[in-house]
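> Its first residue numbered 806, the sequence shown is counted upward by one per residue in the working numbering. Even for Gly, the Cβ is constructed at its ideal location relative to N, Cα and C. These figures come from a predicted structure and were not determined experimentally. Dropping a structure here in structure tokens format, bear with me for questions.
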Amino acid sequence: MKIFYYCHSGVHASVVTAGIHMGRLPRDHASTEEILALPHFDDRQGYPAGTPFYLGEDEKGNKVYTFAVANEKFLAPKTVRCFMDLFGLPQDQVRLVDALKYTDAALKWGGYLSVDIGLKFLGRPMLLASIKKSYPNYVQQVQRLKQELGYLN
Numbered sequence: 806m807k808i809f810y811y812c813h814s815g816v817h818a819s820v821v822t823a824g825i826h827m828g829r830l831p832r833d834h835a836s837t838e839e840i841l842a843l844p845h846f847d848d849r850q851g852y853p854a855g856t857p858f859y860l861g862e863d864e865k866g867n868k869v870y871t872f873a874v875a876n877e878k879f880l881a882p883k884t885v886r887c888f889m890d891l892f893g894l895p896q897d898q899v900r901l902v903d904a905l906k907y908t909d910a911a912l913k914w915g916g917y918l919s920v921d922i923g924l925k926f927l928g929r930p931m932l933l934a935s936i937k938k939s940y941p942n943y944v945q946q947v948q949r950l951k952q953e954l955g956y957l958n
């Protein structure tokens, strides 16, 4: 199975949620250093929205990715599902997880300042404060997914 976490930038909420999923971040809280150490966090590397970043395999061998949806929160996942139908790929082999659910203005503006404009010294504090505030929600989201997939029995 392939699991795709997505958010506006593909390098903030989705990376944190995927990090929790893969056990790279603890389930109770995460420090600034732990968040900043995540692969691809706050670093789009010039790739456009829609480009998946492979993060590795989880404990069940499922491949975990993140990607940016920019301003197409509903269109991007719908397009992925349509392509799967078009090519006869089984829907149960891909999970799309919306990490935007808990995004607030601080995360959006922090991401814009840090990634789009390059003002990391202004954007990162906003990003990190927002992520830490929403962290319990990200953990719950991952736990719900893992329960649905039979990880937590």
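Should the stretch 914-927 be called in touch with the stretch 896-903, which here means at least 3 C-beta pairs below 8 Å?
Not touching, per the Cβ criterion.
> Cα-Cα, which of 957, 843, 853, 811 is closest to residue 883?
It is 811 whose Cα lies nearest to the Cα of residue 883.
> May I have a chain-ordered list of the alpha helix (DSSP H) segments no shorter than 4 residues that lie completely inside the stretch 808-850?
Listed in chain order, the complete alpha helix (DSSP H) runs (minimum 4 residues) inside the stretch 808-850 are 818-826, 837-841.
> Would you mind working out which of 945, 826, 877 sits nearest residue 959, comparing C-alpha positions?
This structure leaves residue 959 out entirely; the chain is present only between 806 and 958.
> Counting along the chain, where does the beta strand (DSSP E) carrying residue 884 start and finish?
Per DSSP, residue 884 belongs to no beta strand (DSSP E); it is in the alpha helix (DSSP H), 880-891.
> Tell me whether residue 865 sits in a helix, a strand or coil according to DSSP, three-state version.
Correct three-state label for residue 865: coil.
> Residue 873 bridges to which residues according to DSSP?
Paired residues: 812.
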